[in-house]
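*Asks:* I have a structure I would like to understand better, so I am pasting it below and will then ask my questions one at a time.
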Ligand SMILES: C[S@@+](CC[C@H](N)C(=O)[O-])C[C@H]1O[C@@H](n2cnc3c(N)ncnc32)[C@H](O)[C@@H]1O
């Protein structure tokens, strides 16, 4: 019987099978050292389904019709959704003060700007970008068509984003000035201003699904921070290639400050902006430089 302290335990073999299922569907790579995460987060689920062990759960996921809802439930539980408003502000300074002004100039005739926050978790990142754009454009905002899309594989996270209601933990690195300007306090919660909420749309999206990414068309800026770390090199390379297809010729890709992509692709070249961790298409950078 695989139950210890009322918890259903997972053998090394069961972990290997679960890790493969998760990787095949999402690209999320769980090395052996992270077995405890899968075990602790899914054993409760196995019990809820009144199953006795992980073998039954694995059978449920892999045999018979595709268990769309169960996969969703599983992703809701196994993903790490850590985020906050104004996360890594030095990088956001680069966006606001260097990348955004250039884009506003180059898009001045069409007055349309499209930004994708890929794997946005509970929405703090795309809402932060909306605040920065709102602050930059001021009254000119109504002249522009600003489209900001936040996507994530976790439906639970997307539901939180759609609520626009946050705990003090989410705004822990937000200045009082920005808190006063863009949030209303309701008890212990921080409720986001409707103007900012209306600037962002959310959708469930799995970065492994390149066809779905195509449907969204071309983006001027893609933020994909603190997500690639969960993928192996093959998945990272696939995602980067998809970003390359979906990014405008002069668009910019922002990744997390601890993430490196140089050895994975030659399609992107890092911009020489300290603390930017931002990239443009190699063709574009070469043309600009020549
Ligand atoms: C640590 S959070 C990063 C949130 C935000 N980008 C930031 O930097 O604050 C990582 C997010 O990646 C999402 N994620 C993991 N694998 C994904 C996939 N294959 N497709 C889409 N989102 C994924 C998780 O659900 C999680 O919300």
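Residue numbers (this note's numbering): 178 to 467.
From the three backbone atoms N, C-alpha and C, an ideal C-beta is built for every residue, glycine too.
Since we're looking at a predicted model, the values are computed, not measured.
Which whole runs of the alpha helix (DSSP H) in the stretch 396-433 are 4 residues long or more, in chain order?
*Replies:* Segments of the alpha helix (DSSP H) lying fully in the stretch 396-433: 410-423.
*Asks:* Cutting at 8 Å between CB atoms, please list the residues of its own chain near residue 395, excluding the five before and the five after it.
*Replies:* The residues are 291, 423, 424, 425 and 428.
*Asks:* Excluding five sequence neighbours on each side, which residues of the same chain lie with their C-beta closer than 6 Å to the C-beta of residue 453?
*Replies:* So the qualifying residues of the chain are 271.
*Asks:* Counting Cβ pairs, one atom from each stretch, are 3 or more of them under 8 Å apart for the stretch 436-444 and the stretch 327-335?
*Replies:* Segments in contact, no.
*Asks:* Per DSSP, what kind of secondary structure is residue 213 in: helix, strand or coil?
*Replies:* In this structure, residue 213 counts as helix in the three-state DSSP scheme.
*Asks:* So what does DSSP say about residue 327, is it helix, strand or coil?
*Replies:* Residue 327: strand per DSSP, three-state reduction.
*Asks:* Looking at the strands, I want to know which residues DSSP matches up with residue 458.
*Replies:* In DSSP, residue 458 forms a bridge with 445.
*Asks:* Would you mind stating whether residue 303 and residue 325 have Cβ atoms separated by less than 9 Å?
*Replies:* Closer than 9 Å, so yes.
*Asks:* Can you grab the Cα-Cα spacing for the pair residue 359 / residue 379, in whole Å?
*Replies:* When rounded, the distance between both Cα atoms is 19 Å.
*Asks:* What residue range is occupied by the uninterrupted beta strand (DSSP E) comprising residue 378?
*Replies:* From DSSP, the beta strand (DSSP E) with residue 378 extends over 377-381.
*Asks:* Could you check whether the stretch 407-418 touches the stretch 232-248, counting it as contact only if at least three pairs of C-beta atoms, one from each stretch, sit closer than 8 Å?
*Replies:* Taking 8 Å as the limit for Cβ pairs, the verdict is that the stretch 232-248 does not touch the stretch 407-418.
*Asks:* Whole angstroms are fine: how far does the CA of residue 314 sit from the CA of residue 284?
*Replies:* Each residue's Cα considered, the two are about 13 Å apart.
*Asks:* With distances taken Cα to Cα, identify the nearest neighbour of residue 262 among 231, 204 and 307.
*Replies:* Residue 262 has its Cα closest to that of 307, out of 231, 204 and 307.
*Asks:* Closest by CA to residue 252, which one among 207, 193, 357 and 327?
*Replies:* Of 207, 193, 357 and 327, the residue nearest in Cα terms is 207.
*Asks:* Whose CA, out of 450, 385, 449 and 372, lies closest to the CA of residue 200?
*Replies:* Residue 200 has its Cα closest to that of 385, out of 450, 385, 449 and 372.
*Asks:* If you compare alpha carbons, which of 366, 361 and 365 is closest to residue 372?
*Replies:* Nearest option by C-alpha distance: 361.
*Asks:* Please state whether DSSP places residue 363 in a helix, a strand or coil.
*Replies:* Correct three-state label for residue 363: strand.
*Asks:* Just list the residues that DSSP pairs residue 293 with in beta bridges.
*Replies:* Bridge partners of residue 293: 326 and 399.
*Asks:* Taking the straight line between their C-alpha atoms, what separation do you get for residue 232 and residue 242?
*Replies:* The straight-line gap from Cα to Cα measures roughly 17 Å.
*Asks:* Run the CB neighbour count on residue 364, radius 10 Å, all protein chains shown included, and call it buried at 16 or more, exposed below.
*Replies:* Residue 364 comes out exposed.
*Asks:* Given that a residue counts as buried once 16 or more other Cβ atoms are within 10 Å of its Cβ, and exposed if not, what is residue 195?
*Replies:* Buried, by the Cβ-count rule.
*Asks:* Could you round the C-beta distance between residue 254 and residue 277 to whole angstroms and report it? I think they count as a contact, below 8 Å.
*Replies:* At roughly 36 Å, the Cβ-Cβ gap does not stay under 8 Å, so residue 254 and residue 277 are not in contact.
*Asks:* Of the choices 256, 193 and 187, whose alpha-carbon is the least far from that of residue 383?
*Replies:* Nearest C-alpha to residue 383: 256.
*Asks:* Should residue 214 go down as buried or exposed, given a rule of 16 or more other Cβ atoms within 10 Å for buried?
*Replies:* Classification of residue 214: exposed, given that the 10 Å Cβ count is below 16.
*Asks:* Could you check which residue in 245, 204, 274 and 186 has the C-alpha nearest to that of residue 450?
*Replies:* The shortest C-alpha separation from residue 450 is found at 274.
*Asks:* Beta carbon of residue 305, beta carbon of residue 258: below 9 Å?
*Replies:* Not closer than 9 Å, so no.
*Asks:* State the Cα-Cα distance for the pair residue 268 and residue 448, rounded to the nearest angstrom.
*Replies:* For residue 268 and residue 448, the distance between alpha carbons rounds to 12 Å.
*Asks:* What does the alpha-carbon distance come out to for the pair residue 193 and residue 281?
*Replies:* Distance between the alpha carbons of residue 193 and residue 281 is about 49 Å.
*Asks:* Please list, in chain order, all residues of the same chain as residue 349 whose beta carbon is under 7 Å from its beta carbon, the five residues on each side excluded.
*Replies:* Here the set comprises 261.
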